[in-house]
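Below: one structure, written as structure tokens.
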Amino acid sequence: MKDSCKDCNPRGVSRRNMLGYGLGGFLGFAAARQADLFGAPSLEMFVPQDGTATTRASAKACIVLWLAGGPATLDIWDPKEGRDTGGPTKGIDTNVSGIQLADTMPTTAKVMDKIAVVRSMTSREGSHERARYLMHTGYVPTGTVVHPAMGSITAMEVGKKDLELPNFMSVNSPTEGAGFLPPEFSPFVVDRAGQPIKNLSLPSGVDDKRFRDRMNLLSSHEKEFATNHSCDEIDRHKNAYEKADKLMHTPLLRAFDLTKEKSDLQKAYGDNTFGKGCLLARRLVQEGVKFVEVNLGGWDTHQDNFNKVKQNCQSLDPGVATLVRDMDSLGMLKETLVVVMGEFGRTPKINANTGRDHYPKAWSMMLAGGGIQGGRVIGSTDKDGVDVKDRPVTVPDLLATIYTCLGVNIAKKNISPLGRPITIVDNGIPVKELLS
Amino acid sequence: MIRVFSLFALVGAAALGQDKPGTTARPSLSGAELIDSHIEAKWKANGIKPAKAAEDYEFLRRAWLDICGVIPPADEVARYLKDDRKNKESMLVDTLIATERYAEYFAEFWEAILIGYDYGVKNDSKDALYYWLRDEAFSKNLPYDEMVRRLINSKGSNQTQGNTVFLWRQLRNGGGVVEITGKIARSFMGTQIQCAQCHDHPFDRYTQEDFYGVASFFTRVRPKKVQPQNQQDQEFELYEDARGEITIPEAKDRKPVPPKFLDGAVPTKDEPRRQAFGRILTRKENLQFAMSAVNRYWGHFFGRGIVHPVEEFNDKNKPSHPELLKELAQDFIDHKYDLKWLVRTIATSKTYQLSSSMSKKDAPDPKFFACAPVRMMTPEQLFNSLMEATGAEDLFRLQEKKTGGFNEVRGQKTQILRQFRFTFGDDESTDIADFAGTIPQALLFLNGELMQRGVTQQNGRLDLILRTRKNLGERLDLMFMSALGRHPNNKDLQRFVPFIQKKNEDRVAFEDVYWTLLNTTEFMFIH
Numbered sequence: 261m262k263d264s265c266k267d268c269n270p271r272g273v274s275r276r277n278m279l280g281y282g283l284g285g286f287l288g289f290a291a292a293r294q295a296d297l298f299g300a301p302s303l304e305m306f307v308p309q310d311g312t313a314t315t316r317a318s319a320k321a322c323i324v325l326w327l328a329g330g331p332a333t334l335d336i337w338d339p340k341e342g343r344d345t346g347g348p349t350k351g352i353d354t355n356v357s358g359i360q361l362a363d364t365m366p367t368t369a370k371v372m373d374k375i376a377v378v379r380s381m382t383s384r385e386g387s388h389e390r391a392r393y394l395m396h397t398g399y400v401p402t403g404t405v406v407h408p409a410m411g412s413i414t415a416m417e418v419g420k421k422d423l424e425l426p427n428f429m430s431v432n433s434p435t436e437g438a439g440f441l442p443p444e445f446s447p448f449v450v451d452r453a454g455q456p457i458k459n460l461s462l463p464s465g466v467d468d469k470r471f472r473d474r475m476n477l478l479s480s481h482e483k484e485f486a487t488n489h490s491c492d493e494i495d496r497h498k499n500a501y502e503k504a505d506k507l508m509h510t511p512l513l514r515a516f517d518l519t520k521e522k523s524d525l526q527k528a529y530g531d532n533t534f535g536k537g538c539l540l541a542r543r544l545v546q547e548g549v550k551f552v553e554v555n556l557g558g559w560d561t562h563q564d565n566f567n568k569v570k571q572n573c574q575s576l577d578p579g580v581a582t583l584v585r586d587m588d589s590l591g592m593l594k595e596t597l598v599v600v601m602g603e604f605g606r607t608p609k610i611n612a613n614t615g616r617d618h619y620p621k622a623w624s625m626m627l628a629g630g631g632i633q634g635g636r637v638i639g640s641t642d643k644d645g646v647d648v649k650d651r652p653v654t655v656p657d658l659l660a661t662i663y664t665c666l667g668v669n670i671a672k673k674n675i676s677p678l679g680r681p682i683t684i685v686d687n688g689i690p691v692k693e694l695l696s
Numbered sequence: 140m141i142r143v144f145s146l147f148a149l150v151g152a153a154a155l156g157q158d159k160p161g162t163t164a165r166p167s168l169s170g171a172e173l174i175d176s177h178i179e180a181k182w183k184a185n186g187i188k189p190a191k192a193a194e195d196y197e198f199l200r201r202a203w204l205d206i207c208g209v210i211p212p213a214d215e216v217a218r219y220l221k222d223d224r225k226n227k228e229s230m231l232v233d234t235l236i237a238t239e240r241y242a243e244y245f246a247e248f249w250e251a252i253l254i255g256y257d258y259g260v261k262n263d264s265k266d267a268l269y270y271w272l273r274d275e276a277f278s279k280n281l282p283y284d285e286m287v288r289r290l291i292n293s294k295g296s297n298q299t300q301g302n303t304v305f306l307w308r309q310l311r312n313g314g315g316v317v318e319i320t321g322k323i324a325r326s327f328m329g330t331q332i333q334c335a336q337c338h339d340h341p342f343d344r345y346t347q348e349d350f351y352g353v354a355s356f357f358t359r360v361r362p363k364k365v366q367p368q369n370q371q372d373q374e375f376e377l378y379e380d381a382r383g384e385i386t387i388p389e390a391k392d393r394k395p396v397p398p399k400f401l402d403g404a405v406p407t408k409d410e411p412r413r414q415a416f417g418r419i420l421t422r423k424e425n426l427q428f429a430m431s432a433v434n435r436y437w438g439h440f441f442g443r444g445i446v447h448p449v450e451e452f453n454d455k456n457k458p459s460h461p462e463l464l465k466e467l468a469q470d471f472i473d474h475k476y477d478l479k480w481l482v483r484t485i486a487t488s489k490t491y492q493l494s495s496s497m498s499k500k501d502a503p504d505p506k507f508f509a510c511a512p513v514r515m516m517t518p519e520q521l522f523n524s525l526m527e528a529t530g531a532e533d534l535f536r537l538q539e540k541k542t543g544g545f546n547e548v549r550g551q552k553t554q555i556l557r558q559f560r561f562t563f564g565d566d567e568s569t570d571i572a573d574f575a576g577t578i579p580q581a582l583l584f585l586n587g588e589l590m591q592r593g594v595t596q597q598n599g600r601l602d603l604i605l606r607t608r609k610n611l612g613e614r615l616d617l618m619f620m621s622a623l624g625r626h627p628n629n630k631d632l633q634r635f636v637p638f639i640q641k642k643n644e645d646r647v648a649f650e651d652v653y654w655t656l657l658n659t660t661e662f663m664f665i666h
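Same order as they appear, the protein sequences are chains F and B.
For the first sequence, my numbering gives the first residue as 261, with consecutive numbering after it.
For the second sequence, my numbering gives the first residue as 140, with consecutive numbering after it.
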């Protein structure tokens with residue numbers, strides 16, 4: 261109890277009241293939490309405590325396609341054709357009989373057998389900043405402890421220590437960071453896929469010989485200062501410079517050259533920043549990067565929702581489908597987890613501006629590869645998409661699922677700067693139906 | 140609910156001195172002497188051997204960075220090193236707190252505390268708060284209690300009344316009253332009461348009732364839209380509604396919780412709630428208010444608070460020097476919450492004027508403050524210092540004179556500063572040192588445009604040095620003075636002179652050396 265104080269509870273209710281909450285309708289997972297109430301450990305029931313989870317990792321890497329702004333998932337993964345709340349969006353058949361996606365996702369519908377859709381996500385955070393934080397860390401923001409993002413945890417727990425590329429990369433936009441973990445686990449931001457990385461090449465007029473001269477002068481000056489002064493940051497500073505130097509010169513930078521791919525494939529991913537980001541993510545994973553997040557914005561559709569969603573899906577649909585297909589043909593999909601999500605869903609009710617507003621209560625997201633059973637839909641919403649009808653999945657549950665695929669022990673506690681142990685996932689249980 | 144509130148337990152005798160026989164109501168020492176006597180007593184009691192006093196150049200650089208947020212210009216260094224007056228340290232501090240730089244820097248410092256960093260996606264009148272802090276608070280040396288009251292009880296447009304931005308930002312972030320309550324407790328009390336929102340605090344004695352009692356003061360603050368939402372920089376008007384209540388969500392009776400401060404104080408009849416909160420928070424009896432400010436400033440100057448981290452006052456996190464904290468806070472109140480007095484007091488203490496030079500094995504536990512800490516600069520300090528060392532600051536100020544508008548030039552600088560904050564900062568103003576040491580930071584300095592232009596720019600600092608000084612020794616000396624605020628020592632000369640000579644004293648050799656100096660820990664850290 262004490263160690264989760266800073267984090268409060270992602271559902272915003274006290275654990276003391278969880279019993280009532282559980283009985284209120286979420287009987288399925290209330291049992292585990294009741295165990296917690298009565299003093300028995302809850303997560304331990306699901307995750308081995310001795311680190312054996314690591315050996316069962318089904319995914320070696322994770323690619324998150326982040327739909328910034330809160331996508332109207334009713335118009336993507338959970339169409340309500342024929343209902344007022346469905347708007348003009350239609351359902352289309354997929355290559356799995358009995359499962360439909362929205363007509364905005366025609367290409368992805370053809371790889372339905374390889375992907376799983378969760379239609380029963382539920383959370384309580386309806387502001388962009390707070391929900392983004394929650395989706396990346398599994399915790400609501402509290403003001404003191406800054407929790408580490410999934411990518412940072414993954415980089416620290418299962419990243420390759422000697423990799424010359426950063427283990428956690430964020431493409432097309434910054435994302436949540438390392439929080440209280442050491443800065444080496446921060447995301448390395450690639451501003452725009454397909455374009456040179458900022459400050460990675462030497463400034464004009466400085467060749468490699470000159471760069472070496474500078475670095476040698478620097479290291480001799482640094483040595484002297486370090487012997488006369490005491491501070492961990494000095495070592496960090498040195499460490500960062502060494503890593504930057506390595507990064508500037510590693511052959512692995514070839515991953516950034518997307519023109520190495522066949523032009524047909526490049527085209528299939530999409531000639532846009534998002535498509536290029538998906539392709540770059542695949543290439544980075546091939547070189548050993550553990551966690552790549554690719555950003556696609558424009559989903560905050562308070563106005564003109566349907567046209568905007570359709571337009572965004574012209575990037576999203578080929579990007580997702582080609583990534584899944586391409587990795588499958590390369591044999592990478594089974595060990596690479598793909599996650600497609602945003603902050604929350606959007607209201608079933610269509611507002612006066614033909615828009616949809618923020619709606620964290622019931623929404624959808626998608627997973628594929630890396631130990632996820634394809635061709636499945638988990639949970640459902642009611643006929644208008646207002647409430648979760650069955651199998652609610654919380655954000656901590658989702659993170660627990662992702663970590664489990666990656667072989668990260670979700671019950672592990674990291675120590676915050678105040679010496680408080682903070683569990684990797686608090687109060688979340690892997691969604692077993694997703695795991696193959 | 141009858142019980143002792145933890146804050147007041149912490150404050151103990153000093154605050155309630157009059158009521159407790161046998162304790163002195165006022166500390167016998169004041170200011171810097173008070174600091175040194177407490178700190179030295181603790182060294183003695185623990186057998187700590189402190190570092191020697193800082194060299195002139197060490198102290199000068201540190202004081203400039205901590206008070207003005209920038210390294211000293213080379214000519215100031217030269218003047219100070221030659222100055223042989225006995226009290227030159229305190230004269231320097233007096234000079235620094237009278238500069239515009241002081242007001243600019245502490246406005247940035249408080250901006251980061253009050254609303255955090257912004258990556259520049261939206262402008263959201265952040266600048267208005269900065270200008271208010273700079274022009275209304277720090278330039279005029281507004282007493283701290285008055286500054287806080289104006290931040291809490293603010294009304295009007297976020298564009299013209301910069302003090303409204305503080306509360307408005309908390310509202311905009313979506314957490315509403317709950318966010319405001321947590322933020323105010325952290326900012327002005329140094330405490331974390333937001334956890335009590337959902338459950339009674341496990342190691343403070345706050346209850347959910349306490350939390351909602353404080354929250355209740357802020358249930359009537361409302362933003363009114365002045366411009367349509369899709370404008371890039373939204374204009375809102377903050378006002379106080381006549382109605383608005385809060386209930387504890389889990390409470391059965393759903394009765395509104397009346398406004399009540401942590402020590403039980405309530406508004407007087409007809410007193411508007413926010414105004415009441417400002418008054419109650421800043422009462423002299425609420426020593427925690429002053430202690431939180433004193434501790435925050437202490438943390439700024441010493442790299443760690445007496446209570447550390449500075450926003451973590453609670454029963455489990457004991458202060459390293461409890462008596463000092465109480466007495467200094469009382470002294471601060473007696474000096475009418477004068478922030479310049481507080482800065483002068485800390486910076487003229489012997490404790491602050493210790494050297495940072497000590498090997499790892501000799502360095503005592505930092506909580507004894509027996510050796511000046513080595514600290515990573517904040518993004519603002521680093522940015523300002525780089526501007527100064529490369530001469531870009533002079534170029535900017537020149538441009539400012541030409542165009543006549545300081546605020547316009549600040550706009551341009553802000554653009555570059557944003558990249559720094561993004562690369563070096565985190566989005567809240569928590570311990571920045573913990574965020575130092577990422578690859579993008581290193582790359583920005585190794586290959587970034589600002590750095591490269593800094594050493595090649597026409598009329599930049601290095602260019603001017605090379606054009607006005609022909610002798611190698613003189614050039615090197617001025618480069619050291621400009622970047623590191625000191626003369627080169629023998630080891631430096633052995634390292635850099637042969638390098639430059641081997642390259643026939645070519646311009647690129649000087650560029651490489653200057654580049655090196657700007658990339659050193661010695662440049663990027665406060666020590």
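Ideal Cβ positions, reconstructed from N, Cα and C, are used throughout, including at glycine.
Whether residue i touches residue j by CB criterion (9 Å)
i: F:ALA528; j: F:ASP586; result: yes
i: F:ILE765; j: F:ALA581; result: Because chain F here runs from 261 to 696, residue 765 of chain F falls outside it and cannot be looked at.
i: F:TRP559; j: F:GLY602; result: yes
i: B:PRO395; j: B:GLU410; result: no
i: B:ALA193; j: B:LEU623; result: no
i: F:VAL418; j: F:LEU666; result: yes
i: B:MET590; j: B:ILE604; result: no
i: B:PRO458; j: B:LEU467; result: no
Cβ neighbours of residue i in the same chain (closer than 6 Å, five flanking residues each side left out)
i: F:PRO408; result: ALA438, GLY439, LEU441
i: F:ALA628; result: LYS374, ILE375, VAL584, VAL598
Residues that residue i contacts on chain F, provided the C-beta gap is smaller than 7 Å
i: B:ALA502; result: SER490
i: B:LYS630; result: GLU484
Of the listed residues the options, nearest to residue i (C-alpha basis)
i: F:PHE604; options: F:LYS370, F:THR367, F:GLU389; result: F:GLU389
i: B:THR484; options: B:GLU644, B:THR303, B:LYS221, B:TYR436; result: B:TYR436
i: B:VAL365; options: B:LYS499, B:GLN298, B:GLY530, B:GLU379; result: B:GLN298
i: B:LEU401; options: B:LYS408, B:PHE428, B:LYS191; result: B:PHE428
i: F:VAL450; options: F:GLY465, F:LEU462, F:PRO434, F:PRO463; result: F:PRO434
i: B:LYS499; options: B:VAL513, B:LYS489, B:LEU493, B:THR490; result: B:VAL513
i: B:GLY329; options: B:PHE584, B:ASP616, B:ASN453, B:THR529; result: B:ASN453
Reduced DSSP secondary structure (H/G/I, E/B, other) of residue i
i: F:CYS491; result: coil
i: B:HIS474; result: coil
i: F:ASP650; result: strand
i: F:PHE428; result: strand
Partners in chain F for residue i, counting only beta-carbon separations shorter than 9 Å
i: B:ARG634; result: LEU477, SER480, HIS481, GLU484
Contact set for residue i: own chain, Cβ-Cβ below 7 Å, skip 5 residues either direction
i: F:GLN571; result: none
i: B:ALA648; result: PHE638, ILE639, LYS642
Chain-ordered neighbours of residue i on chain B, where CB pairs are closer than 7 Å
i: F:ASN532; result: Under the 7 Å cutoff, chain B gives no residues; its nearest Cβ is about 21 Å from F:ASN532.
i: F:ALA500; result: GLY576, THR577, ILE578, GLN580, ALA581
heavy atom of the ligand GTP below 8 Å from residue i C-beta
i: F:ASP642; result: Absent from the structure shown: the ligand GTP. Ligands present: none.
Residue i: contacting residues in chain F (beta-carbon distance under 8 Å)
i: B:LEU582; result: LYS458, ASN459, LEU460, ALA504, LEU507, MET508
i: B:LYS499; result: SER490
8 Å CB neighbourhood of residue i in its chain, flanking five on each side removed
i: F:LYS649; result: SER380, GLY639, SER640, THR641, ASP642
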